[in-house]
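Q:
There are 2 protein chains.
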Amino acid sequence: MTALDGFMRQQVGQFEPEIRDMAAYCLDTTGKRLRPTMVFICGWSGEGIVVEELVRAAGVVEMVHLATLVHDDIMDRAEIRRNRRTAARQFGPDAAVLLGDALFSQALHIASHFPTTEVCRLVSESTRKVCSGEIMQTLRRRDTNISLDEYRRMIDLKTAELFRVSCFLGASLSGHPLGFAQAADRFGHHLGIAYQIYDDLVDFLGEETQIGKTLGTDLATGKLTLPLMLLLEKVTAVEHATIVSALHSGQSLGLAASKQRMQELGVVAGVIQVMEAELAVATRALDSHGSLAPVPLMRQLVTMLQVKVTSLSAPKVS
Amino acid sequence: MTALDGFMRQQVGQFEPEIRDMAAYCLDTTGKRLRPTMVFICGWSGEGIVVEELVRAAGVVEMVHLATLVHDDIMDRAEIRRNRRTAARQFGPDAAVLLGDALFSQALHIASHFPTTEVCRLVSESTRKVCSGEIMQTLRRRDTNISLDEYRRMIDLKTAELFRVSCFLGASLSGHPLGFAQAADRFGHHLGIAYQIYDDLVDFLGEETQIGKTLGTDLATGKLTLPLMLLLEKVTAVEHATIVSALHSGQSLGLAASKQRMQELGVVAGVIQVMEAELAVATRALDSHGSLAPVPLMRQLVTMLQVKVTSLSAPKVS
């Protein structure tokens, strides 16, 4: 990760002087950096071994991700991300559109410095899929008739896709056998779905001070996510009508009330169950590769997500 | 161009089914397609010879350009482009942000199908520069203290850059000598600057019905372009104050009045002079390559632009 820090700092200098400060603002290093983590973990060869190609691939996927965040925050009208102003709030939405574009371009530019076109090909396709997933979600805002399959398709594209590519690139660029790279691909895909489900739950149950971004935006922007879908299945007819009407009109549902109802009705447990099923599939993908160095770390990633979701759903002690 | 039509139609099928109609809307084939034209002209080998790599490169630069248009129209709040609704107006600005991103990604994805990473590398860098130029322009809206050098730097990045790459790719992918590809690069750069100056003049002098897009947006969005810069130099102190104040406040200057003043004060002639100087440099770049097949066509491009600007500045017969 230190190598990635250095790489990202160095990338700032690649942008035109006039927009360097803005690029630096977006390329901050305080995020969770999940995708780089996955590149490094799936490409793990042993303590202290820094594979330069992995650092570069980690830089590519992180920069694509940061670009999507810049654009997401415009659409969600989010003001805070990682405990500071979003780029849209800091520079205005118009500049933020272009700044996201510049980050996308630079990510692909880094990708073009590998010996073959493979990284460019995988990352550009993945980026298109991420955007397609986001478009679907945007077009179906305030739509309460989304099936579980459609929800899954959307998070598959918007989140799991880049997780998948991160894992595949990590495994393949570090010279692990192709069979393992394919397993890492499958692992990343299901881990990504599980992670997005977790993230959708955070939007309902998290504490802003702890998470460091504006929460409740899914509700505010009328995004129907799994927690809300399960809630709608379980509430009374009257509550159902209230929620649907609030979603259509863009009114607040009252976040606290929803939280409590979600626990009472077993919605939180239901969401966690779906997430756990994905994690089980992710873990199974590694079954025949247990002897490889990355596998114990990949299993740890799964455990970490399980711990996070447990602490999220536990009642707060005040 | 027929081959490009086919290629672009086929590209629509590469987008996720859920966003295919939207992609098709943006990939319409009624535009001027200047950048593909430059690829084809600079790669010209003779009548009837279709180089598949040129078609693909033309598709890449056109798709990058269409993506920037989708994003530009969001920022300019433009409603009409090519005589129909802009993507921002048709699908809403949020979806248009993402749709532009998907087009960018797909453009780079096509670029990744060349045998080497060169096209990816050139196009991604060029795209970043285009975005940087647009960011500068966006940040300096309503700023009336922009120097001619700064204006030139902005149009160099936002327009000339992609013209330059289009010419370079056309020349180099069709197997012309490197010396000519470098000359084409220089030609494209200066032609691009001249073209943007022409386009900035169109925004003042053009007729919407003829041009097919919302005009006067530079004034409305407070963009200081060459025509306005020269106008500010030549008007009376009182007019100067009025224009500056209108630009700051975002008020309309009264398009017709401005047009007339521009002719009277010789602003139009001044703009054309700057444009002609760029075209002269572009033409000189071709001097030692006169025997190559593309050169007569490249010179014709210059003549066509000269004809267009002349007809634009001629008084209308009603």
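One line per chain: the protein sequences are A and B, in this order.
Numbered per the numbering used here, the first sequence spans residues 1 to 318.
Numbered per the numbering used here, the second sequence spans residues 1 to 318.
Note that beta-carbon positions come from the ideal geometry of N, C-alpha and C, so glycine has one too.
For Arg89 (chain B), does the three-state DSSP call read helix, strand or coil?
A: In this structure, Arg89 (chain B) counts as helix in the three-state DSSP scheme.
Q: According to the neighbour-count rule (16 or more other Cβ atoms, all chains shown, within 10 Å of its Cβ), is Val39 (chain B) buried or exposed?
A: Buried is the call here.
Q: Can you tell me whether Glu53 (chain A) is buried or exposed, with buried defined as 16 or more other CB within 10 angstroms of its CB?
A: Counting Cβ neighbours within 10 Å, Glu53 (chain A) comes out buried, since at least 16 surround it.
Q: Which runs of the alpha helix (DSSP H), 4 residues or longer, sit entirely within the region 72 to 139 of chain B?
A: Counting whole runs of 4 or more residues, the region 72 to 139 of chain B contains the alpha helix (DSSP H) stretches 87 to 91, 93 to 111 and 118 to 139.
Q: When you compare only the Cα positions, how much space is there between Tyr195 (chain A) and Ala269 (chain A)?
A: Going from the Cα of Tyr195 (chain A) to the Cα of Ala269 (chain A) covers about 16 Å.
Q: If I measure Cβ to Cβ from His109 (chain B) and keep anything under 8 Å in the same chain, skipping five residues before and after, which residues do I get?
A: Cβ neighbours of His109 (chain B) beyond the five flanking positions: Gln14.
Q: Report yes or no: is there a C-beta of chain A within less than 9 Å of the C-beta of Lys129 (chain B)?
A: With 9 Å as the cut-off, Lys129 (chain B) counts as an interface residue toward chain A.
Q: Taking the alpha carbon of Arg35 (chain B) as the reference point, which residue from B:Pro115, B:Ser313, B:Ala184 and B:Gly250 has its own alpha carbon closest?
A: Checking every option, the nearest Cα to that of Arg35 (chain B) belongs to B:Ala184.
Q: Please specify which runs of the alpha helix (DSSP H), each continuous and at least 4 residues long, are wholly inside the region 146 to 192 of chain B, giving them in chain order.
A: Listed in chain order, the complete alpha helix (DSSP H) runs (minimum 4 residues) inside the region 146 to 192 of chain B are 148 to 155 and 161 to 173.
Q: Quick one: Cα of Leu205 (chain A) to Cα of Glu18 (chain B), how far?
A: When rounded, the distance between both Cα atoms is 31 Å.
Q: Determine the contact status of Ile135 (chain B) and Leu162 (chain A), defining contact as a CB-CB distance below 9 Å.
A: No; because the gap between Cβ atoms is not below 9 Å, this pair is not in contact.
Q: Using only the alpha-carbon positions, how far apart do Leu292 (chain A) and Asn145 (chain A) sit?
A: Using only the alpha carbons, I get a separation of about 44 Å.
Q: Interface residues of chain A around Arg121 (chain B) at Cβ under 8 Å?
A: The contacting residues are His109, Ser112 and His113.
Q: Nearest chain A C-beta to Ala67 (chain B) closer than 9 Å, yes or no?
A: Interface residue, yes.
Q: Pick from B:Thr30, B:Val50, B:Thr68 and B:Met1: whose alpha carbon is nearest that of Thr37 (chain B)?
A: Checked all of B:Thr30, B:Val50, B:Thr68 and B:Met1; the closest Cα to Thr37 (chain B) is B:Met1.
Q: Counting only beta-carbon atoms, is Asp101 (chain B) nearer than 9 Å to chain A?
A: For Asp101 (chain B), the answer is yes, since a Cβ of chain A falls inside 9 Å of its Cβ.
Q: Indicate, with yes or no, if the ligand NAP has a heavy atom lying under 8 Å from the CB of Ile74 (chain B).
A: Among the components modelled here there is no ligand, and therefore nothing to report on the ligand NAP.
Q: Looking at chain B, which residues of the region 74 to 101 of chain A have a Cβ within less than 7 Å of any of its Cβ atoms?
A: Under the 7 Å Cβ criterion, the region 74 to 101 of chain A contributes Ile74, Met75, Asp94, Ala95, Val97, Leu98, Leu99 and Asp101.
Q: Report the rounded CA-to-CA distance for Arg261 (chain B) versus Pro227 (chain B), giving the unit in angstroms.
A: C-alpha separation (whole angstroms): 11 Å.
Q: Ignore the nearest five residues each way along the sequence and tell me which others in Gln306 (chain A)'s own chain have a CB closer than 6 Å to its CB.
A: Hits under 6 Å: none found.
Q: Can you tell me whether Val238 (chain A) is buried or exposed? The criterion is at least 16 other CB atoms within 10 Å of its CB, across all chains shown.
A: It counts as exposed.
Q: Leaving out five residues on either side along the sequence, give the residues of the same chain with a beta carbon under 7 Å from the beta carbon of Cys42 (chain A).
A: Taken in chain order, the residues that qualify are Cys167, Gly170, Ala171, Ala184, Pro294 and Met298.
Q: Is it buried or exposed, Arg81 (chain A), if we count other Cβ atoms within 10 angstroms and call 16 or more buried?
A: By the neighbour-count rule (16 or more Cβ atoms within 10 Å), Arg81 (chain A) is buried.
Q: Going by C-alpha distance, which of B:Asp218, B:Ser258 and B:Gln300 is nearest Ala78 (chain B)?
A: Per the Cα distances, B:Asp218.
Q: For Val55 (chain A), which of A:Thr303, A:Phe91, A:Gln10 and A:Ala95 has the nearest alpha-carbon?
A: Taking only the C-alpha atoms, the option nearest Val55 (chain A) is A:Gln10.
Q: What residues of chain B sit near Glu62 (chain A), judged by a beta carbon separation below 9 Å?
A: Near Glu62 (chain A) there are no residues of chain B at all, since even the closest Cβ is about 16 Å away, more than 9 Å.
Q: In chain A, what lies closer than 7 Å to Ser319 (chain B) by C-beta?
A: Examination of residue 319 (chain B) is not possible in this model, given that chain B is present from 1 through 318 alone.
Q: DSSP three-state call for Arg33 (chain A): helix, strand or coil?
A: In the structure shown, Arg33 (chain A) sits in coil (DSSP, three-state: anything other than H, G, I, E or B).
Q: Assuming Tyr151 (chain B) contacts Met229 (chain B) under a Cβ cut-off of 8 Å, what Cβ separation, rounded to an integer in Å, is found between them?
A: Correct: roughly 6 Å between the Cβ atoms.
Q: With burial defined as no fewer than 16 other Cβ atoms inside 10 Å of the residue's Cβ, what is the status of Ser318 (chain B): buried or exposed?
A: At Ser318 (chain B) the pLDDT is 49, less than 50, meaning the model places this residue with poor confidence and gives no usable figure here.
Q: Suppose you measure from the CA of Thr221 (chain A) to the CA of Asp101 (chain A); what does that come to, to the nearest Å?
A: Distance between the alpha carbons of Thr221 (chain A) and Asp101 (chain A): 23 Å.
Q: Label Asp72 (chain B) either buried or exposed according to how many other C-beta atoms from any shown protein chain fall within 10 Å of its C-beta, with 16 as the threshold for buried.
A: By the 10 Å Cβ count, Asp72 (chain B) comes out buried.
Q: For a test of the three-state rule: what should DSSP assign to Arg141 (chain B), helix, strand or coil?
A: Note: Arg141 (chain B) maps to coil in three-state DSSP.
Q: Looking only at C-alpha atoms, which of B:Leu4, B:Arg186, B:Leu247 and B:Lys129 sits nearest to His289 (chain B)?
A: Ranking B:Leu4, B:Arg186, B:Leu247 and B:Lys129 by Cα distance to His289 (chain B) puts B:Arg186 first.
Q: Below 7 Å on C-beta distance, what does Leu334 (chain A) contact in chain B?
A: Nothing about residue 334 (chain A) can be reported from this structure: the residues present for chain A run from 1 to 318 only.
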